[in-house]
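Undergrad: Shown below is the structure under consideration.
Number of protein chains: 2
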Amino acid sequence: MNYPGTTRLSAKDYAYFEIKQKILEGELAPSQSIVEEELSSQLGISRTPLRGALQQLEFENLVERKSNGRLKVPSISIQEVEEIFTVRMKLEEIAVEQATDNATEDDIHNLSNIVYMIKKTYGDGRIEDILYYGAQFHNYLYDLSGNRTVSHILTQLNDQIHRYRRLVPVQNVDRNKESGEEHEIILDRIAQKDSQGAKAVMQEHIQNSLEAAIHAIKAFKKQF
Amino acid sequence: MNYPGTTRLSAKDYAYFEIKQKILEGELAPSQSIVEEELSSQLGISRTPLRGALQQLEFENLVERKSNGRLKVPSISIQEVEEIFTVRMKLEEIAVEQATDNATEDDIHNLSNIVYMIKKTYGDGRIEDILYYGAQFHNYLYDLSGNRTVSHILTQLNDQIHRYRRLVPVQNVDRNKESGEEHEIILDRIAQKDSQGAKAVMQEHIQNSLEAAIHAIKAFKKQF
DNA sequence: ACTAGTATAATTGTATACAATTATTTTTGC
DNA sequence: GCAAAAATAATTGTATACAATTATACTAGT
């Protein structure tokens, strides 16, 4: 039975979203090995659609295939995080510049609501919410940029980043507050149609995020 | 039987490389529909590994899945080409900057050999060779940059670009010559450890390539 | 006790049969 | 003749059985 306008998820897509969440939320931890038979029976599907889901996650660097064909959850290296942020920096610049040019009054309004939620949230310190609304803000800009290639790549990179963000147990409360304010300033520049200003603040924002990330990872390096 | 140090390709990987080539070389043309049963019997394998290969190509935007599950070879749009080049520009900047910092004498020597082949080639006008050695040059820089994320993304984007480059029948001979010379100048800047200079020439190079690409596509737009 | 070799088990890779979905053709009622 | 409905065909999605590969446990010889 399907509600109008909806479609039942295929077994493969179901497995994809389920496993992805397990990896992003750390239920499947870095360097843990993945056995197809285990996962498929756990999810109540056969190995065929499961393998499709795993292959897709492998493309997204959320699952790693060793030379012997065995799969595992990739571990996290500082070098890789730095690489990802190097790319992310440039693509976020593209996105925010074009988004500024394309933004309508309605877009500004919608972004304001997201920023409101970010500021409302970071006091509570619930890491899931902070990550959620932050992602909302950035994703809105990706869509607004109109560049689907940029949007697609950034979404994937952010998923990779999400993993360790979520896994690092102690969050820097000050950084969360600062990050929220950076979003607010970026929005302000966009509203003023100041694409260069928006870009400059975005650069700071990404750079600060990188530094916070490395700091947090180093502090808990012993886990990895 | 396998020779030492070699491994027989799995059916999936065999299918992947085979189909990818067909798409890149235009044997499978834009907007052509793909039927699994046809392809699998044609390649002499079952549908199971074939589907794995197709899924991977889908991820790389070399195969497109329509909402009804059917597959086709994606058609080519100028807007998408522009988007890809926007991203490629920034990532090539990253790559050439870091490659300049990392380049040893040996690397300069190897790059010189590639540039020699480019210049030797563009007189003959054999499009396959020109594309091949040009790709060699860029790929060498990607490796040299040490940033695997950048390298991975650029490689994929270049495959997408390769499709229409190869499909556009008439090539601009003057542009090929100019492009070859640009490679030479980039190498010169790298040899001088002038990363900013190398970056600037790379920007010109990519911009010129984009313009040539759009010009060529527009000229043959009726095909698409 | 250790190593090489062999047997066993665990896991991934592939083929095939069938189920579910989507497209096409045929039929029916008007 | 046309539109809606039904039947048929084509295609993709999934489950399962088996083949091939890789890892582990065991044995024998020294």
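In order, the protein sequences belong to chains A and B.
The C-terminal position of the first sequence is numbered 224 in our numbering, with every residue numbered one higher than the one before it.
The C-terminal position of the second sequence is numbered 1224 in our numbering, with every residue numbered one higher than the one before it.
We treat Cβ as the ideally placed atom computed from N, Cα and C, and that holds for glycine.
These figures come from a predicted structure and were not determined experimentally.
1. Could you pull the start and end residues of the alpha helix (DSSP H) that ARG1008/B belongs to?
2. Comparing the C-beta of VAL87/A with each C-beta of chain B, is any distance below 8 Å?
3. Quick one: does THR1100/B have its CB under 8 Å from some CB of chain A?
4. Do you know how far the Cα of MET1089/B is from the Cα of LEU1057/B?
5. What is the rounded straight-line gap between the Cα of PRO49/A and the Cα of LYS1177/B?
6. Nearest chain B C-beta to ASN147/A closer than 8 Å, yes or no?
7. According to DSSP, simplified to helix, strand and coil, what is GLU64/A?
8. Please classify PHE1017/B as buried or exposed, where buried requires at least 16 other C-beta atoms within 10 Å of its C-beta.
9. If you check the beta carbons only, do ILE1206/B and GLU1092/B fall under 8 Å apart?
10. So what does DSSP say about LYS1072/B, is it helix, strand or coil?
11. In three-state DSSP terms, what is ILE1023/B?
12. May I ask which residues mark the beginning and end of the alpha helix (DSSP H) holding ALA1216/B?
13. Count the other CB atoms, across all protein chains shown, that sit within 10 Å of the CB of VAL81/A; report buried if there are 16 or more and exposed otherwise.
14. Quick one: Cα of ASN1209/B to Cα of ILE1108/B, how far?
15. Relative to the C-alpha of ILE1114/B, which residue among ALA1095/B, GLN1136/B and GLN1203/B is closest?
16. Please confirm whether LEU131/A and LEU187/A have their CB atoms less than 8 Å apart.
17. Find the residues of chain A that neighbour PRO1083/B, judging by a C-beta separation of less than 8 Å, and give them in chain order.
18. Only counting the same chain, and skipping five residues up and downstream in sequence, which positions put a Cβ closer than 6 Å to that of ASP1124/B?
19. In angstroms with no decimal places, state the Cα-to-Cα distance between LYS120/A and LEU28/A.
20. Apart from the five residues on each side of it in sequence, which residues of its chain come closer than 8 Å, Cβ to Cβ, to PRO4/A?
21. Under the rule that 16 or more other beta-carbon atoms within 10 Å means buried, what is HIS215/A, buried or exposed?
22. Please report the distance separating the alpha-carbon of PHE1224/B from that of ASN68/A.
23. Less than 8 Å between the beta carbons of LEU141/A and ILE84/A, yes or no?
24. Count the other CB atoms within 10 Å of the CB of THR1100/B; is the residue buried (16 or more) or exposed (fewer)?
TA: In terms of the structure at hand:
1. That residue, ARG1008/B, is in no alpha helix (DSSP H); it is neither H nor E in DSSP.
2. Yes, VAL87/A counts as interfacial toward chain B.
3. It does not; no Cβ of chain A falls within 8 Å.
4. Answer to the nearest angstrom: the Cα atoms are 23 Å apart.
5. Distance between PRO49/A and LYS1177/B, taken at the CA atoms: about 49 Å.
6. Judged by the 8 Å Cβ criterion, ASN147/A is in contact with chain B.
7. GLU64/A: strand per DSSP, three-state reduction.
8. PHE1017/B is exposed by the Cβ-count criterion.
9. Yes, these two residues count as a Cβ contact at 8 Å.
10. DSSP places LYS1072/B in strand when its eight states are reduced to three.
11. Helix.
12. 1195-1219 is the extent of the alpha helix (DSSP H) around ALA1216/B.
13. Sixteen is the threshold: when 16 or more other Cβ atoms of the shown chains lie within 10 Å of the Cβ of VAL81/A, as they do, the residue is buried.
14. Note on residue identity: the sequence assigns Ser, not Asn, to residue 1209/B. The alpha-carbon separation between SER1209/B and ILE1108/B amounts to approximately 24 Å.
15. Ranking the options by Cα distance to ILE1114/B, first place goes to GLN1136/B.
16. Going by C-beta atoms, LEU131/A is not nearer than 8 Å to LEU187/A.
17. Reading the sequence as shown, one finds Glu at residue 1083/B and not Pro. Within chain A, the residues ASN147, ARG148, THR149 and VAL150 have their CB atoms less than 8 Å from the CB of GLU1083/B, given in chain order.
18. Within its own chain, no residue has a Cβ closer than 6 Å to the Cβ of ASP1124/B once the five positions on either side in sequence are excluded.
19. LYS120/A and LEU28/A: Cα-Cα distance of roughly 31 Å.
20. Because the pLDDT at PRO4/A is just 44, under 50, the model does not fix this residue reliably, and the value given afterwards should be weighed accordingly. Excluding sequence positions up to five before and after PRO4/A, its CB lies less than 8 Å from no other CB in the same chain.
21. Burial call: exposed.
22. Because PHE1224/B carries a pLDDT of 45, less than 50, the predicted location of this residue cannot be relied on, and no value is offered for it.
23. In this structure, ILE84/A does not lie closer than 8 Å to LEU141/A by Cβ.
24. Buried, by the Cβ-count rule.
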